[in-house]
Amino acid sequence: MDEEAARYTSSASFDAEIYEATVCVNAAHIKMLEKQGLISKTSAEKAVSALKQLLQTRQTPPPTTEDIHIYLEQLLAQKAPEAAEMLALGKSRNDAVVAAVKIEARRRVYKVAEELLGAVEALVMKSREHAATVFPVYTHLQRAAPATFGFLLQSYAIRLLRCCNTLLNNLEACEESPLGSAAVAGTSAPVDREYIAQLLGFKRISWNALDATASREFLLLLLSPLHAIALVISSFAEEMVLYSSEEFGLIQIPEELAATSSIMPQKRNPVVAEIMRTKTAEVLGLLATVSGILSRQPSGYNLDLQQVTPKFWQALREVSESLHMLKKHVEMIEVNKERAMEACAPPTAAVELANHLTLKHGIGFRKAHQIAAKISRSIAEKTLTQTRLDTIFQEHGLKPIYTVGEVLNIMDPVATVQRYTAKGSANPSMVSENVDRLFKIVEEERNRVEMERRFLEDCLQRLLS
Ligand code: ARG
Numbered sequence: 034m035d036e037e038a039a040r041y042t043s044s045a046s047f048d049a050e051i052y053e054a055t056v057c058v059n060a061a062h063i064k065m066l067e068k069q070g071l072i073s074k075t076s077a078e079k080a081v082s083a084l085k086q087l088l089q090t091r092q093t094p095p096p097t098t099e100d101i102h103i104y105l106e107q108l109l110a111q112k113a114p115e116a117a118e119m120l121a122l123g124k125s126r127n128d129a130v131v132a133a134v135k136i137e138a139r140r141r142v143y144k145v146a147e148e149l150l151g152a153v154e155a156l157v158m159k160s161r162e163h164a165a166t167v168f169p170v171y172t173h174l175q176r177a178a179p180a181t182f183g184f185l186l187q188s189y190a191i192r193l194l195r196c197c198n199t200l201l202n203n204l205e206a207c208e209e210s211p212l213g214s215a216a217v218a219g220t221s222a223p224v225d226r227e228y229i230a231q232l233l234g235f236k237r238i239s240w241n242a243l244d245a246t247a248s249r250e251f252l253l254l255l256l257s258p259l260h261a262i263a264l265v266i267s268s269f270a271e272e273m274v275l276y277s278s279e280e281f282g283l284i285q286i287p288e289e290l291a292a293t294s295s296i297m298p299q300k301r302n303p304v305v306a307e308i309m310r311t312k313t314a315e316v317l318g319l320l321a322t323v324s325g326i327l328s329r330q331p332s333g334y335n336l337d338l339q340q341v342t343p344k345f346w347q348a349l350r351e352v353s354e355s356l357h358m359l360k361k362h363v364e365m366i367e368v369n370k371e372r373a374m375e376a377c378a379p380p381t382a383a384v385e386l387a388n389h390l391t392l393k394h395g396i397g398f399r400k401a402h403q404i405a406a407k408i409s410r411s412i413a414e415k416t417l418t419q420t421r422l423d424t425i426f427q428e429h430g431l432k433p434i435y436t437v438g439e440v441l442n443i444m445d446p447v448a449t450v451q452r453y454t455a456k457g458s459a460n461p462s463m464v465s466e467n468v469d470r471l472f473k474i475v476e477e478e479r480n481r482v483e484m485e486r487r488f489l490e491d492c493l494q495r496l497l498s
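To convert, take the position in the sequence shown, counting from 1, and add 33; that gives our numbering.
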């Protein structure tokens, strides 16, 4: 092949990501060939020990080599020629590469899940501390109701846990071994597919060689929850940027996670949160690229597919790093409690006034809403006197119901959050109760990830011991 063309089409530069997994795939194949009596025990042992060595020394293929699969076969040919000679019996690069990608995908997804669970744990811990810290929540970025900071943090914990669950569930395709599918249509070689799957920690075997070798949309099923995670991180970061601005002044981002301006010394720029906020676009770009590469692929392996996996690894890295930064923010963030309380002061809890009129005084809610609106405006304009209040009721054909003091008490933020009764509300006692529930989910998910991770790692370790 023309040298430039060889470089252009080579995956050698990014095959480092699947080096270890590819070594394992080769070792498993050799063991299977031995079990089937296709190579001798001595050649098999020699080859496996050579592969172990290659794992320790981690060779870098020259940039003109087609890929890691060819390269490892060449290296093995020098160290264990008899086994290397048979390495491609019943195995093609097409089934080998997807096997390696699936193994590595599982390992890395478990890592991301662990990172995510760490971030969630930090959110829950902080939410316990701030279960009763009055904090405004917004709709349309307009002050909507008093809530608590812990309540806000828990919303993020729940969103992340949901994504994590989907991410882990969608690993299903990666638990299916493609090995023994050979290049495209299966093989006449007497391969033991179950045995090789078991050696590599796969849970089942694929049942169509064409699908097994040439489909990659299972990666989109992982990229999609990864992107969803990045979106959640982005929302969180956006809120941090906004709320730490002087205009909101609700929170303080720690100095460690801010940069000063090179010219305006008074500034504390939330640069880490800004990068977290924007990473979602990069992850979306990677997802879009993968989707683009996969479109209009005729079935059967095409080299286009080789370009997919580096994007996937990149997305995993971006999300993992951002989750780590989210955790740091959460741990160090400080709430400006006074300012948050101010933001929740009347008329923020106007809905509560309307509720009170309806529930305690039997006024229909639509009318109560109109009365509360007038009272709220008057409070906002600082014109609420007893006379004005009485007039508002009279305008609606009612006798005066409240004193100004009573109105302000009903809309008191602390009292308001405590009055929330519906499940899932921002009531401090509910937020506190949810702490345990969330910790329990984190622990269950951690156990699940740890069990899966250990199962896979144990298989791979046994393979090369
Ligand atoms: N390097 C390719 C990849 O990463 C695997 C090789 C398949 N090549 C082939 N000519 N069938 O997907």
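Here a beta-carbon is modelled for each residue, glycine too, at the ideal position from N, C-alpha and C. Note that the structure is predicted; figures quoted are calculated from it, not measured.
Residue i CB to nearest heavy atom of the ligand ARG below 7 Å
i	result
D244	no
Q339	yes
D100	yes
L105	no
V217	no
Y18	What is shown of the chain runs 34 to 498, which leaves residue 18 out entirely.
L499	Beyond the ends of the chain as shown, which are 34 and 498, falls residue 499; an answer cannot be given.
V130	yes
R126	yes
L283	no
S44	yes
Y334	yes
Closer than 8 Å to chain C by CB, residue i
i	result
E279	Of the chains in the structure shown, none is chain C; there is only one protein chain.
Residue i vs residue j beta-carbon contact at 8 Å
i	j	result
V305	M358	yes
P461	T181	yes
N202	L120	no
P179	C57	no
P258	M374	no
A116	T55	no
A132	S210	yes
G183	K360	no
L417	I408	yes
A83	E67	no
L356	L149	yes
H62	K124	yes
V482	Y334	no
R192	T381	no
T93	S43	no
V368	I262	no
L232	L71	no
L563	V316	Any answer about residue 563 is impossible in this case: the structure gives the chain only from 34 up to 498.
Status (buried if at least 16 other CB within 10 Å, exposed otherwise) for residue i
i	result
M484	exposed
L252	buried
M273	buried
I412	buried
A215	buried
K456	exposed
V79	Val is not the amino acid found at residue 79; the sequence shown has Lys there. Buried: at least 16 other Cβ atoms inside 10 Å.
A64	In the sequence on display, residue 64 carries Lys and not Ala. Classification of K64: buried, given that the 10 Å Cβ count is 16 or more.
Q451	exposed
Inter-residue CB distance, residue i and residue j (contact presumed, cutoff 8 Å)
i	j	result
A230	L212	7 Å
T311	L264	No, T311 and L264 are not in contact; Cβ-Cβ is about 12 Å, not under 8 Å.
E385	M463	About 16 Å separates the two Cβ atoms, so there is no contact after all.
V475	V153	6 Å
Y276	I266	16 Å between Cβ atoms; not a contact.
In chain order, each alpha helix (DSSP H) run of at least 4 residues that lies wholly inside the region 64-137: 74-90, 101-112 and 114-119
Whole runs of the beta strand (DSSP E) within the region 215-283, excluding any shorter than 3 residues: none
4 or more residues per run - each alpha helix (DSSP H) lying fully within the region 386-442: 398-413 and 419-428
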